[in-house]
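Residue numbers (this note's numbering): 520 to 843.
These notes concern the structure reproduced below.
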């Protein structure tokens, strides 16, 4: 049975009990560790690895909310509780649009109170927060909301109003963002770097909890949101000098089949020019549902040309968890 690694957040960054009006230690007991294993032939094995570790938050009896990349295609899931118990779990659901995932504990967790969900829309720049990790106060970070703004990820992902926190949590994946009332207002996703006053500093990007509320019922019932799926191209891209540049391709994905190559510049979607990741993705999604043909204008080696990509549903490429 896997054991959680030993480490601590620097003491200067740890939250102090006297700084909070709620029972911080009890709230942090609801944050668990996750250890997952995906098969070697999983579609995401090359990018995410087969063995993954992070955090999750108990939001209902036995229901753990986490960041989806920890559990995508996972066949084995272990849940590490604050008191040292390790329980088996099941990768219950994953939502592509928000990036959130759910794990169902396969043993009872009646003695740990779930964290109540707060209102992430109320989180403003400068608000004091705790980014909680599994293991309690010594593995949690006291900080502030550094920014609220759009986030576009290279993997065809956009959040309209992501939460950015400072300082960064060293084991950010699936951490629980707590507001001043001890309510859960977000799930940790990434670490990013920004320049400030001549120095570089690390931030965490957090998925707002308000995105979960309208889809939670579908996720628990169906394992995904019961609606039409966005078109997926299977390419990774970045912004370089106001240009959208392809930096990678998903193996055997739609873009690879259309012979798009790393280094190609995306000039336009159906004739509409794009200069940012978010504009690129939104124009693709506006064309229709998964399966729609996506006309792209590309630039490669001095030549501008058109290509048509038959989009797909990314979930069709993923191994689905076995039911327990």
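Where is the CB? At the ideal position from N, CA and C, for every residue including glycine.
Check: Per DSSP, what kind of secondary structure is residue 756 in: helix, strand or coil?
Finding: Here the question's residue 756 lines up with position 237 in the chain shown. In the structure shown, residue 756 sits in a strand (DSSP, three-state: E or B).
Check: Which parts of the stretch 714–792 are runs of the beta strand (DSSP E), unbroken and 3 residues or longer, counting only runs that do not cross its ends?
Finding: 718–727, 754–758, 763–768, 784–788
Check: Does the beta-carbon distance from residue 561 to residue 771 come in below 8 Å?
Finding: Translated into the one-based positions of the chain shown, residue 561 becomes position 42. Translated into the one-based positions of the chain shown, residue 771 becomes position 252. Against a cut-off of 8 Å, the Cβ pair of residue 771 and residue 561 comes out as no contact.
Checklist line | Cβ neighbours of residue 768 in the same chain (closer than 6 Å, five flanking residues each side left out) | finding: Here residue 768 is taken as the residue at index 249 of the chain shown, counted from 1. Within the same chain, residue 768 has close Cβ partners 754, 774, 775.
Next item on the list: Closer than 7 Å by C-beta to residue 623: which residues in its own chain qualify, once you throw out the five before and the five after it? Chain order, please.
Entry: Indexing the chain shown from 1 puts residue 623 at position 104. Correct list, in chain order: 581, 582, 608, 609, 611.
Next item on the list: Determine the burial state of residue 802: buried for a count of at least 16 other Cβ atoms within 10 Å of its Cβ, exposed for fewer.
Entry: Position 283 of the chain shown, counting from 1, holds the residue named residue 802. Result: buried.
Next item on the list: In the DSSP assignment, find the alpha helix (DSSP H) that holds residue 567 and state where it starts and stops.
Entry: Within the chain shown, the letter at position 48 stands for residue 567. 564–567 is the span of the alpha helix (DSSP H), which, as asked, contains residue 567.
Checklist line | For residue 802, the first and last residue of its enclosing alpha helix (DSSP H) | finding: Stepping through the chain shown from its first residue, residue 802 is reached at position 283. Start and end: 796–804.
Margin query: Can you tell me whether residue 663 is helix, strand or coil according to DSSP?
Written below: Counting from 1 along the chain shown, the entry for residue 663 is found at position 144. Three-state result, residue 663: strand.
Item checked: Beta carbon of residue 568 nearer than 8 Å to that of residue 586 -> What you label residue 568 is simply residue 49 of the chain shown in a count that begins at 1. What you label residue 586 is simply residue 67 of the chain shown in a count that begins at 1. Contact: no.
Item checked: Alpha-carbon to alpha-carbon, residue 691 and residue 710 -> Reading the chain shown from its first residue, position 191 is the one you call residue 710. Reading the chain shown from its first residue, position 172 is the one you call residue 691. Whole-angstrom Cα-Cα distance: 7 Å.
Item checked: Any 3 or more C-beta pairs closer than 8 Å across the stretch 748–762 and the stretch 808–822 -> yes
Check: Are the beta-carbon atoms belonging to residue 797 and residue 671 less than 8 Å from one another?
Finding: The sequence position of residue 797 within the chain shown is 278, counting from 1. The sequence position of residue 671 within the chain shown is 152, counting from 1. In contact: residue 797 and residue 671 (Cβ atoms closer than 8 Å).
Notebook entry, point to check: What whole-angstrom Cβ distance do residue 813 and residue 827 have, given they're in contact under 8 Å?
Noted result: Within the chain shown, numbered from 1, the residue matching residue 813 stands at position 294. Within the chain shown, numbered from 1, the residue matching residue 827 stands at position 308. Rounded, the Cβ-Cβ distance is 7 Å, consistent with contact.
Margin query: I need the straight-line Cα distance from residue 554 to residue 576, nearest angstrom please.
Written below: As a first step, residue 554 is located in the chain shown; it is residue number 35 there, counting from the start. As a first step, residue 576 is located in the chain shown; it is residue number 57 there, counting from the start. Approximately 14 Å between the Cα atoms of the pair.
Check: Who are residue 606's beta bridge partners in DSSP?
Finding: Here residue 606 refers to the residue found at position 87 when the chain shown is read from its first residue. DSSP output for residue 606 lists 598 as bridge partner(s).
Check: To the nearest whole angstrom, what separates the beta carbons of residue 697 and residue 649, a pair I think is in contact under 8 Å?
Finding: In the chain shown, the residue the question calls residue 697 occupies position 178. In the chain shown, the residue the question calls residue 649 occupies position 130. Yes, residue 697 and residue 649 are in contact; Cβ-Cβ is about 4 Å, under 8 Å.
Checklist line | Whole-angstrom C-beta distance between residue 720 and residue 685, which should lie under 8 Å | finding: Taking the chain shown and counting its residues from 1, one reaches residue 685 at position 166. Taking the chain shown and counting its residues from 1, one reaches residue 720 at position 201. So it is a contact: roughly 7 Å between Cβ atoms.
Check: DSSP state of residue 536, grouped into three classes?
Finding: On the chain shown, residue 536 is found 17 positions in, with the first residue counted as 1. Helix at residue 536.
Margin query: Do residue 652 and residue 688 have their beta-carbon atoms positioned less than 8 Å apart in this structure?
Written below: Residue numbering aside, residue 688 sits at position 169 when the chain shown is read from its first letter. Residue numbering aside, residue 652 sits at position 133 when the chain shown is read from its first letter. Taking 8 Å as the Cβ cut-off, residue 688 and residue 652 qualify as a contacting pair.
Next item on the list: Give the DSSP-derived three-state secondary structure of residue 617 in the structure shown.
Entry: Stepping through the chain shown from its first residue, residue 617 is reached at position 98. Coil, per DSSP.
Notebook entry, point to check: Where does residue 632 fall in DSSP's three states?
Noted result: Taking the first residue of the chain shown as 1, we reach residue 632 at position 113. Correct three-state label for residue 632: coil.
Next item on the list: Could you check what DSSP says for residue 543 in three-state terms: helix, strand or coil?
Entry: The residue labelled residue 543 in the question sits at position 24 within the chain shown. Three-state result, residue 543: helix.
Notebook entry, point to check: Looking only at DSSP bridge pairs, what is residue 675 linked to?
Noted result: Within the chain shown, residue 675 is the residue found at index 156, counting from 1. Answer is none; residue 675 lacks a bridge partner.
Notebook entry, point to check: From what residue to what residue does the beta strand (DSSP E) around residue 819 run?
Noted result: The sequence position of residue 819 within the chain shown is 300, counting from 1. From DSSP, the beta strand (DSSP E) with residue 819 extends over 812–819.
Next item on the list: Report, in whole angstroms, the separation of the C-beta atoms of residue 614 and residue 738, which I expect to be a contact under 8 Å.
Entry: In the chain shown, the residue the question calls residue 614 occupies position 95. In the chain shown, the residue the question calls residue 738 occupies position 219. Sure, about 6 Å apart at Cβ, within 8 Å.
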